[in-house]
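2 protein chains.
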Amino acid sequence: MVQFPSPGGSNRSYGMGARQIYESLREQILRGVYNTGSQLPSSRGLAEELGVSRTTVTAAYEQLAAEGFIDVRQGARHRVASSLIGPELTANPQKQAGPGHLSNYGERLRGARRWPDYLPNRLKIDFRYGDLAPSDFPASVWKRTMNAVMAQRPARLAYDHPCGSRRLRQALQGYLWRARTVRCDPEQIVIVNGSQQGLDLCARLLLDPGDSFVIEDPCYRMAREVFASTGATPVPVEVDEHGIQTEQLAGVAARLAYATPSHQFPLGGVMPIARRHQLLEWARDEGAYVIEDDYDSEYRYDISPVPPLHSLEDHGAVIYLGTISKTLSPMLRIGYLVVPVELQQVFETAKQFADRHSPIAEQESLASLIESGSYENHVRRVRRLNGERREVLLTTMKRSFQDRIAVQGAEAGLHVVIWFNDLPRSRETPLVEAARYAGLGLHPISPLYHRQSGAGEADRVGLVMGYSALGIRQIEKGVEMLRDVVAQL
Amino acid sequence: MVQFPSPGGSNRSYGMGARQIYESLREQILRGVYNTGSQLPSSRGLAEELGVSRTTVTAAYEQLAAEGFIDVRQGARHRVASSLIGPELTANPQKQAGPGHLSNYGERLRGARRWPDYLPNRLKIDFRYGDLAPSDFPASVWKRTMNAVMAQRPARLAYDHPCGSRRLRQALQGYLWRARTVRCDPEQIVIVNGSQQGLDLCARLLLDPGDSFVIEDPCYRMAREVFASTGATPVPVEVDEHGIQTEQLAGVAARLAYATPSHQFPLGGVMPIARRHQLLEWARDEGAYVIEDDYDSEYRYDISPVPPLHSLEDHGAVIYLGTISKTLSPMLRIGYLVVPVELQQVFETAKQFADRHSPIAEQESLASLIESGSYENHVRRVRRLNGERREVLLTTMKRSFQDRIAVQGAEAGLHVVIWFNDLPRSRETPLVEAARYAGLGLHPISPLYHRQSGAGEADRVGLVMGYSALGIRQIEKGVEMLRDVVAQL
């Protein structure tokens with residue numbers, strides 16, 4: 001899979017130059033993304049994919065060839081030069097450069113594999129998880145509330161409280177109680193820039209190098225990465241259809257556990273109440289914090305709710321994390337933490353040090369939406385829309401593949417996991433690449449696993465299929481394309 | 490100076506309860522903000538200041554008295570109980586609580602003194618530095634561009650590039666070259682949530698516990714705090730009227746230096762070219778990075794510009810930091826780093842880990858303002874407005890105090906430093922408190938010093954007087970109030 005830096009952010013019309021293509025490929029070759037001697041995309045295919053002229057791609061390839069990175073063969077696909085790539089290069093692709101040194105944190109980030117899930121692409125249909133359909137966004141209500149907020153003139157333009165708009169925290173207090181039975185004071189709420197900042201603040205405040213943290217396996221990769229970036233060691237605990245296997249926690253020493261009990265990411269299990277109690281008991285015995293990531297709990301189909309961990313315990317071990325990235329938009333960058341009372345001061349200071357506070361206007365606008373009931377109306381509406389998308393995806397997949405697939409985690413959330421019973425794991429890369437050339441974005445589950453093998457289901461090809469950015473017709477078309485790609489594999 | 494948590498963020502009408510007042514006072518007593526036996530504000534004065542009823546304040550005082558924190562005397566101001574406050578309490582006021590442990594970073598933040606410069610207040614006139622006048626904000630242009638941005642519908646709602654909107658980075662590239670002779674590629678620009686996040690990313694990526702960093706003395710306090718929060722040790726270097734005394738750097742070993750060469754904060758010196766070269770030479774010899782905080786370089790009066798450090802060197806030792814908090818609004822939370830090429834990847838990853846990316850709409854709106862020339866028109870306009878404010882402040886201060894004051898750092902920026910030649914440092918607290926009771930906000934320079942004494946000018950009372958949030962009439966009125974307070978001191 002060829003990965004390129006964003007050519008344009010939201011300014012999608014910006015064209016990518018030969019130099020950028022050259023640099024991206026060069027970096028990926030140096031990082032060992034391609035094996036020695038492996039084929040590169042055809043210049044025509046790559047040009048189409050990137051929406052640039054073939055000449056541009058050819059220029060990039062010529063530069064790579066001139067520098068000895070690739071072998072060019074007339075009439076055949078170019079290959080990564082077999083002479084070039086030795087293990088010493090892939091092991092430490094970036095040399096220490098520049099006048100200074102990095103911190104240990106910086107060195108860990110230098111080594112971190114890029115996780116470019118923000119890249120725009122030219123795919124016809126993409127089942128990438130986490131994206132939303134712009135048509136779902138309540139554009140006119142949002143515009144109205146933003147304009148009302150912008151029309152307000154504060155006494156001075158000045159910094160706000162680090163934990164965010166008091167009005168939004170009060171509105172969220174009510175919302176969390178109504179929607180999630182989470183009880184807290186507004187003072188316990190910290191408005192953050194999306195759940196990512198919530199995870200990062202938790203990581204910084206709770207983990208030191210050499211500490212351990214419990215993480216689901218498979219898991220939300222950015223959580224694992226951000227906790228590991230502190231220098232702490234992940235302790236992966238296996239996940240089944242009921243979420244993390246809490247019985248495996250006995251004897252595990254760790255400073256914190258990260259869990260997605262409402263809808264395990266990516267496998268989709270809803271954690272039963274007994275396991276919730278087991279997790280909390282472990283945390284109490286261990287003196288550990290539990291970070292409860294409730295990232296998409298608004299989406300629940302045909303099942304009854306289970307109370308969040310946060311409402312099940314009262315001694316301050318749970319840090320609750322919510323977001324509007326799955327209900328309104330990930331581009332707004334608003335999330336919230338509910339922190340135990342004794343951690344309020346350090347989270348407030350950490351947020352102040354991190355960036356003073358989150359931008360005001362969107363916070364006030366969201367507060368207004370929650371106060372008026374528009375937010376909850378909107379959530380009901382998108383729940384229905386996503387329920388329809390899910391239904392279509394499941395029906396067409398079943399019709400197209402019948403017993404060849406197994407579906408996991410469809411009771412909640414905005415994605416399902418599809419296992420291909422008759423496709424061994426070795427077919428994953430060919431499937432994904434063939435799909436990409438056909439204009440279809442597929443996202444395998446395997447990079448989300450910590451254990452590399454031995455897990456029964458992970459020996460098959462598994463896909464994380466997000467549907468929330470697609471229309472009904474696009475979902476049907478995408479499944480058709482998938483059927484054709486699998487047939488030709 | 491009594492400090493209270495924000496009662497309402499931007500929701501200013503929210504009233505403060507007795508409990509909040511009680512808790513704030515109790516915390517401040519425990520933290521040693523008040524000396525043993527020192528007087529507390531009168532209940533009437535405090536009630537007025539906070540805009541609450543006197544009964545509310547009395548209830549808070551009664552609770553504090555009942556718990557033995559204060560001594561209540563009929564007909565006299567209450568005092569902090571002399572029996573209570575021992576050094577052991579002030580040294581470690583917060584006990585370790587909760588089920589878990591904090592990281593070393595968390596423990597450092599637990600000990601960090603709060604720096605609540607975001608508190609709303611009921612003052613009639615406040616010379617707090619860093620606030621802007623809402624009437625200066627280009628509200629209609631901003632509203633128009635935000636509406637244009639909100640009307641655009643992207644292909645999907647998805648994460649953007651961690652370094653921010655490509656369009657904004659391109660616009661900033663041009664702006665930085667035109668306005669600041671800073672040359673860079675858009676790929677070197679990282680959009681951050683205000684300069685605070687820029688400082689925090691630098692701190693995390695460049696400093697380890699036990700490292701040293703050079704900091705100006707006196708300095709921008711949040712910079713010192715955020716660098717020190719990594720566990721690194723500040724090496725304060727004295728500042729004179731030409732900025733940091735670079736000749737004192739000889740032999741200093743440090744990983745980075747933080748400097749404000751365009752307009753030293755707070756003393757206001759503009760660093761001459763020779764010192765700039767000396768600083769860069771030191772960095773080169775030491776293998777250190779220099780963080781050039783160009784926080785208010787748009788404001789320059791009667792003096793010719795000196796090129797930024799960034800344009801004076803070419804081997805990648807300078808990290809340039811800019812912000813729109815002083816030109817548009819601190820509430821928008823937009824700043825930008827220009828990082829050396831070899832640090833691009835780690836800054837990109839650090840920003841992605843920190844919060845994925847900054848919110849999109851404001852970035853696009855700012856890009857539009859820069860592209861159309863509105864931003865630079867606006868900067869010219871606010872430069873003129875702030876020049877007028879500065880003129881009025883300097884004239885009225887000179888008229889009111891004549892030779893009793895010395896003015897420092899008036900050539901640039903949005904504040905001046907006023908030294909009271911005949912007020913010894915011991916008069917600082919009485920002056921500030923008396924002003925506060927009169928409804929006037931004054932901000933002494935002393936907390937910005939690292940060295941506690943021995944510095945000549947710091948033996949006098951010095952005030953950092955920001956004028957950018959005030960109208961001409963308010964400035965005149967504020968100076969009048971100041972004159973009265975000083976006269977009655």
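Residue numbers (my numbering), protein chains in the order written: chain A, 1 to 489; chain B, 490 to 978. Just so it is clear, CB atoms sit at the ideal spot from N, CA and C, and this is done for glycine as well.
Under 8 Å from the C-beta of residue i: neighbouring residues of chain A
i, result
"Gly-595 (chain B)", "Arg-204, Leu-205, Leu-206, Val-346, Ala-350"
"His-932 (chain B)", "Within chain A, no residue comes near His-932 (chain B); the closest Cβ sits about 13 Å away, beyond 8 Å."
Among the options, the one whose alpha carbon lies nearest that of residue i
i, options, result
"Pro-444 (chain A)", "A:Cys-219, A:Gln-173, A:Arg-166", "A:Cys-219"
"Leu-201 (chain A)", "A:Phe-137, A:Val-226, A:Ala-410", "A:Val-226"
"Arg-128 (chain A)", "A:Leu-482, A:Met-465, A:Gly-322", "A:Met-465"
"Gly-130 (chain A)", "B:Ile-808, B:Ile-614, B:Leu-646, B:Asp-620", "B:Leu-646"
"Gln-490 (chain A)", "A:Gly-269, A:Leu-25, A:Gly-462, A:Ala-254", "Absent from the model: residue 490 (chain A). The displayed extent of chain A is 1 to 489, so no value can be given."
"Asp-240 (chain A)", "A:Ala-254, A:Leu-168, A:Thr-260", "A:Thr-260"
"Arg-693 (chain B)", "B:Pro-796, B:Ser-718, B:Thr-547", "B:Ser-718"
"Tyr-623 (chain B)", "A:Trp-142, A:Asp-117, A:Pro-154, A:Pro-134", "Before going further, note that residue 623 (chain B) is Pro rather than Tyr in the sequence given. The shortest Cα separation from Pro-623 (chain B) among A:Trp-142, A:Asp-117, A:Pro-154, A:Pro-134 belongs to A:Pro-154."
"Val-57 (chain A)", "A:Ala-139, A:Leu-440, A:Gln-20", "A:Gln-20"
"Asn-610 (chain B)", "B:Tyr-648, B:Leu-826, B:Leu-535", "B:Leu-535"
"Glu-281 (chain A)", "A:Leu-309, A:Glu-298, A:Leu-267", "A:Leu-309"
"Tyr-61 (chain A)", "A:Gly-17, A:Ala-171, A:Thr-429", "A:Gly-17"
"Met-886 (chain B)", "B:Ser-629, B:Val-975, B:Leu-937", "B:Val-975"
Integer Cβ distance of residue i from residue j, believed to fall under 8 Å
i, j, result
"Arg-384 (chain A)", "Gln-834 (chain B)", "Contact doesn't hold; Cβ gap of about 43 Å is too wide."
"Ile-823 (chain B)", "Leu-855 (chain B)", "6 Å"
"Gln-197 (chain A)", "Pro-186 (chain A)", "The Cβ separation is near 19 Å, so there is no contact."
"Ser-372 (chain A)", "Tyr-295 (chain A)", "Contact doesn't hold; Cβ gap of about 24 Å is too wide."
"Leu-920 (chain B)", "Val-950 (chain B)", "6 Å"
Where residue i falls: helix, strand or coil (DSSP)
i, result
"Ala-856 (chain B)", "helix"
"Leu-882 (chain B)", "helix"
"Asn-610 (chain B)", "coil"
"Ala-843 (chain B)", "helix"
"Ile-907 (chain B)", "strand"
"Arg-54 (chain A)", "helix"
"Pro-759 (chain B)", "At residue 759 (chain B) the sequence reads Val, which differs from the Pro that was named. Reduced to three states, the DSSP call for Val-759 (chain B) is coil."
"Val-479 (chain A)", "helix"
"Gly-811 (chain B)", "strand"
"Gln-408 (chain A)", "strand"
"Pro-154 (chain A)", "coil"
"Phe-702 (chain B)", "strand"
"Thr-327 (chain A)", "coil"
"Thr-579 (chain B)", "Note that Thr-579 (chain B) scores a pLDDT of 30, beneath 50, so its modelled location is shaky and nothing firm can be said."
"Ala-259 (chain A)", "strand"
"Leu-826 (chain B)", "strand"
"Ile-961 (chain B)", "helix"
"Val-72 (chain A)", "coil"
"Thr-233 (chain A)", "strand"
"Val-226 (chain A)", "helix"
"Arg-508 (chain B)", "helix"
Neighbour list for residue i in chain B, Cβ cutoff strictly below 7 Å
i, result
"Leu-102 (chain A)", "Leu-694, Leu-695, Val-835"
"Gln-197 (chain A)", "Ala-843, Asp-844"
"Gly-194 (chain A)", "Asp-844, Arg-845"
"Pro-447 (chain A)", "Neighbours of Pro-447 (chain A) on chain B: none; closest Cβ ~16 Å, over 7 Å."
Neighbouring residues, chain A, relative to residue i (Cβ below 9 Å)
i, result
"Leu-768 (chain B)", "Here the premise fails: no neighbours, minimum Cβ distance about 13 Å."
"Phe-626 (chain B)", "Arg-153, Leu-157"
Contacts of residue i in chain A (Cβ-Cβ under 7 Å)
i, result
"Tyr-747 (chain B)", "Those do not exist, as Tyr-747 (chain B) stays about 14 Å from chain A at its closest Cβ, beyond 7 Å."
"Pro-675 (chain B)", "Those within 7 Å of Pro-675 (chain B) in chain A number zero; the least Cβ separation is about 10 Å."
Chain-ordered neighbours of residue i on chain B, where CB pairs are closer than 8 Å
i, result
"Ser-372 (chain A)", "Near Ser-372 (chain A) there are no residues of chain B at all, since even the closest Cβ is about 15 Å away, more than 8 Å."
"Pro-162 (chain A)", "Tyr-607"
"Ala-469 (chain A)", "Arg-645, Leu-646, Ala-647"
Listed by chain order, chain B residues near residue i by CB distance under 9 Å
i, result
"Ala-133 (chain A)", "Arg-645, Leu-646"
Under 8 Å: do the stretch 647 to 664 of chain B and the stretch 844 to 851 of chain B share three or more Cβ pairs, one atom per stretch? yes
Inter-stretch contact at 8 Å, needing at least 3 Cβ pairs: the stretch 143 to 151 of chain A / the stretch 811 to 820 of chain B: no
Evaluate contact between the stretch 695 to 704 of chain B and the stretch 786 to 805 of chain B, counting only Cβ atoms and requiring at least three cross-stretch pairs below 8 Å. no
Count Cβ pairs between the stretch 955 to 969 of chain B and the stretch 871 to 886 of chain B that sit closer than 8 Å; are there 3 or more? yes
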